[in-house]
Amino acid sequence: MATPSDGSIFRRRSLFKAAGIGAAGIAGLPVIAACSDIESGGGTSQVTEGFDFLPTYKEYALPVEPDLVGEPPNHPSGFTSYPSPVDGVETAEGAGEYEITVPMWGTPPTADDPYYAALQEAWGGTKITLRHADGNTFAQTSVQWLQANEFGDAINIFGWMTDSHPNFQETVVNTFYDLTDVVKGDIADRWPLLAGEPTLSWGQSVWSTDPADPETARVFGIPQSFYGGPGNAMFVRTDLLEAANLAMPTTVEEVLEVARAWTDGANGKWAFLAQDYVTPEWFGLASSPGWAYIDGKLVHNCERPEYTEWLQFRRTCWDEGLIHPDTPTGTLDGHALHVAGTVLMSQDGISWWSDYTNQVLGGTATGQIDPIGAIGFSGREPIRYVSTSVGGWTFFNKDLSEDQVKELLDVMNFCSAPYGTTENELLQYGVEGTHFTYGDDGFPVRTQAGIDIVQAPVNFKEMSGQVQTFLTGDPDLVQRRFEYNASVKDFAEENIWKGLRVEGPSEYKTAAQTLIDQQNDIAYGRAELSSIPDMVETFLGSGGEAARELFTTAYKQAQGE
C-alpha cells in the first residue's frame, strides 16, 4: 500500500525553489455493485479467484531449469545461458483463415515476411493475418471498433487500455466469445500449455454476464503472461552519468540534483521527457486506480499532501528547463532521444531495458541504461509499483463457431510455449539466418530484420501467456535485472485489491481523465499549483466521491470484511 500521509502541512523546500508557489474475494460472489444495482457504465468489481469452471491446472514440465533461481513473482528466475531448444508442442492441423487486431508502435512490418510463414507452418497451417493499429490511440479507437464489431476475428488488448472503455465489463460480455464451455475442466490433452498457465491468470480472465447474478461469471479472454516485478521504470543512461562524474540517484532530492547538473538545454541536453506514470511512486502515491486506505478510509491520491509535493516536483523540473521543451506535444520519439543521449532519463516499460541492450549489442546504440531503484522523498520509506495481473488478453469474436474457436486455441496453445522450446525460439527470434544467428556464446543474435519484424512489434509473442516467464537474453543484463528485482522486491506496493478486478463507473473514468489533463497543465506551466484544490473538488464532485463507495465496498471484500 502507498505510504500513508503523516498529516503534516507541506512546507516549501529548496527542492521546489523554482516552482514559485508553496503550499478477496468469495467464490460464490464474483461481482459486487455500488448500491447493488449496476446500470450501463455504473462500475463493477469482479472476483478473480475461487471459480470451479476454469481450466484444470496441470503443470507443464519445463525443458530446462533456470540458472538464477529467484522468488517469483516479484523476483523472477533467469537464464544466463542459452539452452538447446526442444520441441514442446504437438500441433494440430488447421486450415482456417483469421484476422486479429493488435496494437503497433512504430512502422507496421510487412505481412509477407518469412516469420509469419514459418509460424503458420509450425502451428499446423492456420493462417492468421495481423491487423496492426496505432498503439498510441488503440485504447480509444478500440471502443468504436468493438461497438461496430469491426475488429476481425479476435483482438489483443493490454489491461491498461481498458480504462478508456466506458464499461469494459459490458463490452466484454456483449462482444466476445464465451469460452467457458470450451476451456473448463481438463484440457491438457489438446492444449497442455494452456492448461499449464497459472490458475490466477485464468481467474483474471473472468467477467460476469449479469452483475446482479453471481452465477453468470464466465471465461471470456485468453490471458497474456503474468510478469511479476516492476512493469515500468525510470531508466538512466549510466554511461552518461559516469562521463559527467555523477552517481545514480538514491533519493528524489538526488534525482533533482543530477538533473540540474546534467541538463544543458542550450546544447540540446535535457534530463527528462515525461514523468507522469513512474514518478508518483517516488512520493508514495498509490498506483492505478489511485486509492489508498488511510486512517480508516479510502483516500484518492489527489486528496493527499503528497500529491501536491509530486506536482511541485514536476513543475520545478519544467520551470528549470530540465524537461525537453517539446515533451507536452506528445510527438517525440523517446527511444530515439534516449539512444541519442539527448535525454538522460526516460520513463518506459521494463522491456526498454532489454530493447536498449539489444540495440547496443547490434551496434545501433552505445552506452548502457539501468533503472532507478526504490526511492522516496523527504526520508520516507520508498514503494515500488509491481505487476499484479496478467498483461492483457486476446478476445475472440462472439460470431465465431466453436470449431473456429478451438482452432484458434490451438494457435494460442502454441504461443504459450516457454523458454527452452523450439516454438518459443521461433516466436521470440524468428527464422535462423533471416531474423537471427547464433553467436559464439550460443545465444541468438537478432539481425536488423529480426529487430524490425520479430522483436519490435506486438505480434504472436503476446497472444497467450507463457506457462512460466523468466529473465532471458543477454547474460549480463539478466544478471543486472535479477539483482535489481532482488533490491526492490521488499518495497513492493501492497495490492489492496487482491483477488478482485475493480472497474470504476464511467463518470469516474471521465473525471479521472480530466484530472490527468489538469495535472499535466500544472506540470507544463499551463496552470498554477494554486488550482489544485479546485481540481480536487471538481474530481470528487464529477464522479470521484460517488466512486469511493464502490471502491470502499470492493476494498472491504478484498480484505474479507
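Here the numbering used here is used: the first residue of the sequence shown is 1365, the next is one more, and so on.
Using N, Cα and C, we set each Cβ at its ideal position, and we do this for glycine too.
1) Please go through the same chain and pick out, in chain order, the residues whose beta-carbon is closer than 6 Å to the beta-carbon of Pro1437, but skip the five residues on each side of it.
2) On the criterion of 16 or more Cβ atoms from any shown chain inside 10 Å, does Asn1777 qualify as buried, or is it exposed?
3) How many Å lie between Glu1673 and Gly1654 at the Cα?
4) Can you grab the Cα-Cα spacing for the pair Arg1668 / Pro1746, in whole Å?
5) Who does Arg2005 pair with in a DSSP beta bridge?
6) For His1702, name the three-state secondary structure that DSSP assigns.
7) What three-state label does DSSP hand Asn1596 in the structure shown?
8) Would you decide whether Gly1803 is buried or exposed? Buried here means 16 or more other CB atoms lie within 10 Å of its CB.
9) What number of angstroms, rounded off, separates the C-alpha of Lys1661 from the C-alpha of Ala1850?
10) Would you list the residues sitting across from Glu1435 in a DSSP beta bridge?
11) Terminal residues of the continuous alpha helix (DSSP H) containing Asp1734?
12) Among residues of its own chain, excluding the 5 on either side of Val1818, which ones have a beta-carbon nearer than 6 Å to its beta-carbon?
13) Can you tell which of Gly1414, Phe1807, Ala1729 and Ser1870 has its C-alpha closest to the C-alpha of Gly1407?
14) Looking only at its own chain, which residues have a Cβ that is under 7 Å from the Cβ of Gly1567, when we skip the five neighbours before and after it?
15) Please report the straight-line C-alpha distance between Val1395 and Pro1467, rounded to a whole angstrom.
16) Less than 8 Å separating the beta-carbons of Gly1713 and Asn1596?
17) Please confirm whether Tyr1462 and Val1769 have their CB atoms less than 8 Å apart.
18) Determine contact between the segment 1819-1837 and the segment 1597-1606, defined as no fewer than three beta-carbon pairs at a distance below 8 Å.
19) Report the rounded CA-to-CA distance for Asn1931 versus Gln1792, giving the unit in angstroms.
20) Please look up how many angstroms separate the CB atoms of Ile1521 and Gly1756, rounded, as I've assumed it's under 8 Å.
21) Using alpha carbons as the reference points, say which of Arg1845, Asp1476 and Pro1575 lies closest to Ser1718.
22) Mapping the DSSP letters down to three states, classify Gln1350 as helix, strand or coil.
23) Closest by CA to Val1315, which one among Thr1721, Asp1885 and Arg1495?
24) DSSP state of Leu1764, grouped into three classes?
25) Going by Cα to Cα distance, which pick from Met1525, Val1453 and Leu1483 is closest to Lys1873?
26) So, helix, strand or coil for Ile1396, using DSSP?
27) Checking 8 Å against the spacing of the C-beta atoms, do Asp1603 and Gly1726 come in under that value?
28) Contact check, Ala1635 vs Leu1686 under 8 Å by CB: the rounded distance?
29) Nearest-angstrom Cα distance between Pro1689 and Thr1706?
30) Could you name the residues that DSSP lists as bridge partners for Trp1634?
31) Would you please state the rounded distance, in angstroms, between the beta carbons of Gln1639 and Cys1666? I believe it to be under 8 Å.
32) Using DSSP bridges, identify the partner residues of Leu1543.
33) Cα-Cα, which of Ala1475, Lys1853, Ile1551 and Glu1847 is closest to Asp1816?
34) Where do the N-terminal and C-terminal ends of the alpha helix (DSSP H) with Ile1658 fall, by residue?
35) Residues in the same chain with beta-carbon distance under 7 Å from Phe1807, minus the five sequence neighbours each way, listed in chain order, please.
36) Between which two residues does the alpha helix (DSSP H) holding Val1428 run?
A quick look at the data gives this:
1) One-based indexing of the sequence shown puts residue 1437 at position 73. Excluding positions up to five away in sequence, the list reads Gly1592.
2) Translated into the one-based positions of the sequence shown, residue 1777 becomes position 413. Under this definition Asn1777 is a buried residue.
3) Start at 1 with the first residue of the sequence shown, and residue 1673 comes out as number 309. Start at 1 with the first residue of the sequence shown, and residue 1654 comes out as number 290. Answer to the nearest angstrom: the Cα atoms are 16 Å apart.
4) Walking along the sequence shown from the start, residue 1668 turns up at place 304. Walking along the sequence shown from the start, residue 1746 turns up at place 382. For Arg1668 and Pro1746, the distance between alpha carbons rounds to 16 Å.
5) Only positions 1365 to 1925 of the chain appear in this structure, which leaves residue 2005 out of reach.
6) To locate residue 1702, count along the sequence shown from 1; it is residue 338. His1702 falls in the helix class under three-state DSSP.
7) As a working note, residue 1596 is residue 232 in the sequence shown. Here Asn1596 sits in strand by DSSP.
8) Here residue 1803 refers to the residue found at position 439 of the sequence shown. Burial call: exposed.
9) Translated into the one-based positions of the sequence shown, residue 1661 becomes position 297. Translated into the one-based positions of the sequence shown, residue 1850 becomes position 486. For Lys1661 and Ala1850, the gap between their C-alpha atoms comes out near 32 Å.
10) Taking the first residue of the sequence shown as 1, we reach residue 1435 at position 71. Partner(s): His1439.
11) As a first step, residue 1734 is located in the sequence shown; it is residue number 370 there, counting from the start. Segment Ile1733 to Pro1735 is the beta strand (DSSP E) holding Asp1734; no alpha helix (DSSP H) there.
12) Along the sequence shown, read from residue 1 onward, the residue named residue 1818 stands at position 454. The answer, listed in chain order, is Tyr1479, Gly1794 and His1799.
13) In the sequence shown, the residue the question calls residue 1407 occupies position 43. Of Gly1414, Phe1807, Ala1729 and Ser1870, the residue nearest in Cα terms is Ser1870.
14) As a position in the sequence shown, residue 1567 is number 203, starting the count at 1. Same-chain partners within the cutoff: Thr1412, Glu1413, Phe1415 and Leu1418.
15) The count along the sequence shown starts at 1 and reaches residue 1395 at position 31. The count along the sequence shown starts at 1 and reaches residue 1467 at position 103. Residue placement at Val1395 cannot be trusted, given a pLDDT of 35 that sits under 50; the coordinates are not used to answer.
16) Along the sequence shown, read from residue 1 onward, the residue named residue 1713 stands at position 349. Along the sequence shown, read from residue 1 onward, the residue named residue 1596 stands at position 232. Yes, the pair counts as a contact, with Cβ atoms nearer than the cut-off.
17) Here residue 1462 refers to the residue found at position 98 when the sequence shown is read from its first residue. Here residue 1769 refers to the residue found at position 405 when the sequence shown is read from its first residue. Cβ atoms of Tyr1462 and Val1769: not closer than 8 Å.
18) no
19) No statement about residue 1931 is possible, as the shown extent of the chain runs from 1365 to 1925 and does not include it.
20) Translated into the one-based positions of the sequence shown, residue 1521 becomes position 157. Translated into the one-based positions of the sequence shown, residue 1756 becomes position 392. With 8 Å as the limit, Ile1521 and Gly1756 qualify as a contact, their Cβ atoms being about 5 Å apart.
21) Indexing the sequence shown from 1 puts residue 1718 at position 354. Taking only the C-alpha atoms, the option nearest Ser1718 is Arg1845.
22) The structure shown does not extend to residue 1350, since the chain spans only 1365 to 1925, so no value can be given for it.
23) The question about residue 1315 has no answer here: the residues shown for the chain are numbered 1365 through 1925.
24) Residue numbering aside, residue 1764 sits at position 400 when the sequence shown is read from its first letter. It is coil, neither helix nor strand.
25) As a first step, residue 1873 must be located in the sequence shown, where it is residue number 509. Of Met1525, Val1453 and Leu1483, the residue nearest in Cα terms is Met1525.
26) For this step, residue 1396 is matched to residue 32 along the sequence shown. Residue placement at Ile1396 is poorly supported in this model, since its pLDDT is 33, which falls under 50; the coordinates are not used for a value here.
27) Reading the sequence shown from its first residue, position 239 is the one you call residue 1603. Reading the sequence shown from its first residue, position 362 is the one you call residue 1726. Not closer than 8 Å, so no.
28) The residue you call residue 1635 lines up with position 271 of the sequence shown. The residue you call residue 1686 lines up with position 322 of the sequence shown. About 5 Å; that satisfies the 8 Å criterion.
29) Here the question's residue 1689 lines up with position 325 in the sequence shown. Here the question's residue 1706 lines up with position 342 in the sequence shown. Distance from the CA atom of Pro1689 to the CA atom of Thr1706, rounded to whole angstroms, is 12 Å.
30) Along the sequence shown, read from residue 1 onward, the residue named residue 1634 stands at position 270. Val1707.
31) Locating residue 1639 in the sequence shown gives position 275, where the first residue counts as 1. Locating residue 1666 in the sequence shown gives position 302, where the first residue counts as 1. Not quite, the Cβ-Cβ distance comes to about 17 Å (not below 8 Å), so this is no contact.
32) On the sequence shown, residue 1543 is found 179 positions in, with the first residue counted as 1. Note: Leu1543 sits in no beta bridge, so no partner.
33) For the purposes of this step, residue 1816 is taken as the residue at position 452 of the sequence shown. Among Ala1475, Lys1853, Ile1551 and Glu1847, the Cα nearest to that of Asp1816 is on Ala1475.
34) On the sequence shown, residue 1658 is found 294 positions in, with the first residue counted as 1. Per DSSP, Ile1658 belongs to no alpha helix (DSSP H); it is in the beta strand (DSSP E), Trp1655 to Ile1658.
35) Looking up residue 1807 in the sequence shown gives position 443. Closer than 7 Å at Cβ, skipping near neighbours: Tyr1446.
36) Here residue 1428 refers to the residue found at position 64 when the sequence shown is read from its first residue. Counting along the chain, Val1428 falls outside any alpha helix (DSSP H), and DSSP gives it neither H nor E.
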